[in-house]
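Input: a single structure, listed below in structure tokens.
Structure representation (structure tokens):
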């Protein structure tokens, strides 16, 4: 009996793992195979599609835009998210939960609605769309991740440490620099990386707020709508590797396990 | 420089709240206002009309119902699967569970578009799913309705939402302590009875969180139906996008968007009520 | 014991590297109130969990009422457990907690209601039947856990550190209640504790464990008066241990001889602080200096330093009558009643 249920659970786990990972594995697999239709049989191994991609000037433009957006969004959401998390850690749980419920609304709602709200707003104000409109639009749904992760660590923080630092004569800035920052640094970097992964991968909000420009995801979208371009697998693989790599690093740093 | 703790807290919160207010609350409020405006000569014109909502109810009720049905299907499958996987991670398997958890976490933030087109490739007539089923001898020729159908939308979005639903449920299961489970077993309960009577009621909140996100995001998605849904699977998101971009009718698109949000809210309230009813023990009262 | 209710034969539990319980035999009679007593990590909880069916033993067999239950899980055994920390179902009311087992067993709802009411009365919880566990005091939660287990009419009730989570005063009250409950329903109780006072107060049989082995079992008086080892002597109650030498079946101590069969060699003579008498009237007596006198409430704790430098603790009632005590620094003579002395290996 016990053995049989164990077998059933193991089979279920294996199936779940295949379901979760196989689409991603196949994209990377076909990015390296000769068959241009991304079907079986795959043909031999090749880096040809990466050559094609790297020869496309659009790719470098999109990569540059994605890099600028991701870095700016990461930096700003790190600062705004950490400041907020630290303030929340010193507030009562009621205030903290209320503020968190509020600022995480942007990640609970369908991104299309927010994208259209932002696009309508920008156009009514006559703001030219571009990176300057994309970056703040991303912040609104990346900073919640920083707030959530950093707050989770800060609320488990032993506040007596801060009191003893004050007792020993440290001012607020000194306390932050010498006590708080060294303790939360891995979490902080990890949370920022999560925010960057989310920003790097975003398509819908970017698409509606960037105007004529292009990022890696909007480039994928463009390729999807045109005739079959096999280098899409190469581009997709690069985006996957970047976001998953960033996420893994973030998980390692924050020791976040759900 | 010495500020009161309350002032310092307010200062600390201000950048985040400013971002939230300027780039979420304000645009959303504006969009809500726009639902009462009209389009005159391709320009947004302030007005106070309920005409847009009337049109939404006239023209899009069917699409809305279809979308809610699909989103509900996705949310139910995702929540059930996520619970089973979380259960596996929490109670059954050590290392294997950790691998699944790590995979889910690592793919959580990445590859929205990539995941959709990967499924597009996999579900096609030449795709790997059909190939696998043929190789296994389960079918003789490719299933044509796997792609460009509501089923494709459901499969793709369940896959996309699964990690998001897994995390809250796993957190909920981790909050269920061991002793009550052993006590139930000691009193004669079988594993499924323990799950039904002791485990599920204790992670009701996290089940609802998982259900909510797995319902809301698909309900407003337009990329997945566009890429894998085929011509028959038009969801509200597609109509909203079309109203804004194709027909330049922001007021009506906004009215449809807010009607959808409201409908989703009603579904969620109902779901929460049903969940509470189903999971609160009533006997012996 | 001709017909034990519970019979453990050659039971052991081995985890990957550690032997939590060494192979042991144990019998428990019908109506017994048994304490598994030992320090943390001695294997007592492991043993209890094997009896309850939560852990499969590595070797040996478990019989309850003549039936081999070794392979059965807890849901199939007629034992029920009161868990450490109680393990109440947080989302169920007191009545629902108690009624859960009968309900799972598929009993008739009216029957269940009657049973629950009977249990609520037994543990005096009628007034809080519709509350959730979180709204109860520690003692009330404890009683819910008891009622929830007892409603199943277990042939053996297992209790894992049942009183550990309660404060001292409540613990005393619950001890009385547990005793009364045992008497009222006449069941067989086995409980795990690290508190020797609790074991002595509650149990009619104490099984003392050390490092995965049973080192002594007997009535509370047995293990207190006649400890089988140095460990038992020091673990159960306070004990003075005086090094001595055995030769030809006699131990020389206090200017006399104590008959004690056994091999020649070094031994320890154990005597409880309250058994030591003052004055040299006993045949076995020691002389020393009173170095400390402390008021402990009901008794005085005297420390006497002997000529060889060893210290002996003596308890005297702190009541007003009785002979005047010498002051600190005075010479004092102590008597060792032979009947109160036991001899253990060093």
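Protein chains in written order, with the numbering used here: chain A, 1 to 258; chain B, 1001 to 1285; chain C, 2001 to 2346. Here a beta-carbon is modelled for each residue, glycine too, at the ideal position from N, C-alpha and C.
- Contact note: residue 1198(B) reaches chain C through 2089, using a C-beta cutoff of 7 angstroms and chain order.
- Residue 2160(C) is bridged by DSSP to 2192(C).
- Cβ-Cβ distances below 8 angstroms link residue 1276(B) to 1204 in the same chain, with the five nearest sequence neighbours on each side left out; the list follows chain order.
- For a Cβ distance threshold of 9 angstroms, residue set 20, 21, 24, 240, 243, 244, 247 of chain A lies close to residue 1107(B), ordered along the chain.
- Of the candidates 59(A), 99(A), 107(A), 59(A) places its Cα closest to the Cα of residue 218(A).
- Per DSSP, the beta-bridge partners of residue 1040(B) are 1043(B).
- For the region 123-139 of chain A, the set of residues with a beta-carbon nearer than 7 angstroms to any beta-carbon of chain B comprises 124, 136, 137, 139, in chain order.
- Residue 225(A): not part of any beta strand (DSSP E); member of the alpha helix (DSSP H) spanning 216-225, first to last residue.
- Of all residues in the region 1137-1159 of chain B, the ones placed with a Cβ closer than 8 angstroms to any Cβ belonging to chain A are 1159, in chain order.
- Within chain C, 2075, 2100, 2101, 2104 have C-beta atoms less than 9 angstroms from the C-beta of residue 1189(B), given in sequence order.
- Restricting attention to 1226(B), 1283(B), 1243(B), 1213(B), the CA atom closest to the CA of residue 1267(B) is found in 1213(B).
- DSSP, read as helix, strand or coil, puts residue 2292(C) in strand.
- Between residue 1162(B) and residue 1078(B), the beta carbon gap of about 6 angstroms places them in contact (Cβ cut-off 8 angstroms).
- One alpha carbon belongs to residue 1070(B), the other to residue 1252(B), and they sit about 23 angstroms apart.
- According to the DSSP assignment, residue 2299(C) belongs to the beta strand (DSSP E) that extends over 2299-2306.
- The DSSP-derived three-state label of residue 2084(C) is coil.
- Here the C-alpha atom of residue 2042(C) lies approximately 24 angstroms from the C-alpha atom of residue 2342(C).
- Between the region 111-129 of chain A and the region 167-178 of chain A there are fewer than three C-beta pairs closer than 8 angstroms, too few to call the two in contact.
- Residue state for residue 90(A) is assigned as coil, using DSSP reduced to three classes.
- Shown here, residue 2027(C) sits in a strand according to DSSP, grouped into three states.
- Under the Cβ distance rule, residue 71(A) does not count among the residues neighbouring chain B, no pair being separated by less than 7 angstroms.
- One alpha carbon belongs to residue 37(A), the other to residue 30(A), and they sit about 9 angstroms apart.
- Residue state for residue 1028(B) is assigned as helix, using DSSP reduced to three classes.
- What residue 1119(B) touches in chain A, judged by beta-carbon distance under 8 angstroms, is 23, going in chain order.
- Residue 2245(C) has 2252(C), 2266(C) as its beta-bridge partners, per DSSP.
- Closer than 7 angstroms to the CB of residue 201(A) there is at least one CB belonging to chain B.
- Excluding the 5 residues flanking it on each side, residue 1181(B) has same chain C-beta neighbours closer than 8 angstroms at 1194, 1198, 1199, in chain order.
- The C-beta distance from residue 2149(C) to residue 2157(C) rounds to 6 angstroms, short enough to fall under 8 angstroms.
- In this structure, residue 2013(C) lies away from residue 2074(C), with their beta-carbon atoms at least 7 angstroms apart.
- The beta carbon of residue 129(A) is closer than 7 angstroms to those of 122, 209, 210, 211 in its chain, skipping five residues each way along the sequence.
- Residue 2011(C) is bridged by DSSP to 2024(C).
- Counting along the chain, residue 2017(C) sits inside no alpha helix (DSSP H), nor does DSSP assign it H or E at all.
- Taking 8 angstroms as the upper bound on Cβ-Cβ separation, chain B lies near residues 102, 103, 105, 106, 108, 109, 110, 111, 112 of the region 101-112 of chain A.
- With respect to the C-alpha of residue 2300(C), the residue from 2184(C), 2326(C), 2246(C), 2285(C) having the closest C-alpha is 2326(C).
- Residue 2314(C) carries a strand assignment under DSSP once its states are collapsed to helix, strand and coil.
- Interface annotation, residue 3(A): not in contact with chain B, CB-CB separation never under 7 angstroms.
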